[in-house]
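Engineer: Sending over a structure as structure tokens; questions will come in a sec.
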Amino acid sequence: RPYQCKDCGKSFSQSTHLVQHQRNHTEKKKKVCAKCGRNFYQNSGLKKKKNFHTGEKPYKCPQCGKKKKKSSNLIAHQR
1 RPYQCKDCGK SFSQSTHLVQ HQRNHTEKKK KVCAKCGRNF YQNSGLKKKK
51 NFHTGEKPYK CPQCGKKKKK SSNLIAHQR
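Here it is, written out as structure tokens:
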């Protein structure tokens, strides 16, 4: 993993992932999970964490009606 964070040493395979990670060090986090206190820069991360805690499955398969927690799991299910 050639892209390394100067602040914490974490490494990434893609430069875009490093840039996204560096926001954790440089920008104020505005979203906080009420259940565990974890901070998020983006609403999408907070939403995923909420689904994790509540067990909510918002992604529904249009063919069979089965629900999934993550969109990536629904995509894999549909294959």
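In our numbering, the protein residues as written are 1 to 79.
Don't be surprised by glycine CBs; every beta carbon is placed ideally from N, CA and C.
#1: Does the distance from the C-beta atom of C5 to that of H21 stay below 8 Å?
#2: Starting from the C-beta of Q42, find all residues in its chain whose C-beta is less than 8 Å away, skip the five residues before and the five after it, and write them out in chain order.
#3: So if DSSP puts N39 in a beta bridge, which residue, or which two residues, is it bridged to?
#4: What number of angstroms, rounded off, separates the C-alpha of F52 from the C-alpha of F40?
#5: I'd like the span of the alpha helix (DSSP H) that includes R23, first residue to last.
Structural biologist: Straight from the coordinates:
#1: yes
#2: K31
#3: Answer is V32.
#4: Those two C-alpha atoms are separated by around 14 Å.
#5: S15 to T26
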